[in-house]
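For reference, the structure discussed in these notes is given below.
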Amino acid sequence: MAFGFYYFSLPRPYVYLLELIGLIKFMIFMASRHLGSYLSSSSPASSRENNNACSELDAISSQASQMTSESVKERLPVVEFGSLVERWRLGEEIEHVCTICMRCLDGGHEVRELGNCAHAFHRACLDLWVDEGRWTCPLCRSKLTPEGTSMGL
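The sequence shown lines up with residues 41 to 193 when you count with the working numbering.
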């Protein structure tokens, strides 16, 4: 028994138009997301939303209050990417990319080696990430430093 297969093809101008609409939709989404976070930080939320946000932030605040961006950076070693490739025996034929800036990682680049996962990022990229108060790996969201290390001031 055979199943019917139908192929539907759009002319190229329509495909380009749909891609343009998708791009505009994405830009509007990102702008509204950015504007929404800006407005929510400047205007009071309803009490129910505020309580939910507070309960989520309370769990994070105990850890975040003990951490500073400088203390996190001090605990993340800076190494040349080439030495990581040799140590981890990564394939050199694979193109390695920093997922923060989306640029290639080359042998001579300084990278920060994370404590809980095997991901590495350009030193400057991860420093900016940490300076914005982000304490997790940009790729897998594990904590940047191992649990046992003290992050106090």
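All residues carry an ideal CB built from backbone N, CA and C; glycine is no exception. For clarity, every value in this text was computed on a predicted model and none was experimentally measured.
Enumerate in chain order the residues of its own chain whose CB-to-CB distance from ASP167 is below 7 Å, with the five nearest sequence positions on each side excluded. LYS113
At which residues does the alpha helix (DSSP H) containing VAL170 begin and terminate? 163-171
Does DSSP put GLU59 in a helix, in a strand, or in coil? helix
Rounded Cβ spacing between PRO151 and SER109 (contact assumed at less than 8 Å): According to the sequence shown, residue 151 is Val rather than Pro. Wrong, their Cβ atoms sit about 17 Å apart, outside the cutoff.
Classification of HIS74 by the beta-carbon crowding that lies within 10 angstroms, buried from 16 upward: exposed
Here's the rule I'm using: 16 or more other beta-carbon atoms within 10 Å means buried, otherwise exposed. How should GLU59 be labelled? exposed
Which one or two residues does DSSP pair with THR176 in a beta bridge? LYS183
Given this structure, state the Cα-to-Cα distance separating THR139 from PHE161, to the nearest angstrom. 7 Å
Under 9 Å between the Cβ atoms of ASN156 and SER182? yes
Counted within 10 angstroms of its Cβ, other Cβ atoms place GLU126 as buried (16 or more) or exposed: exposed
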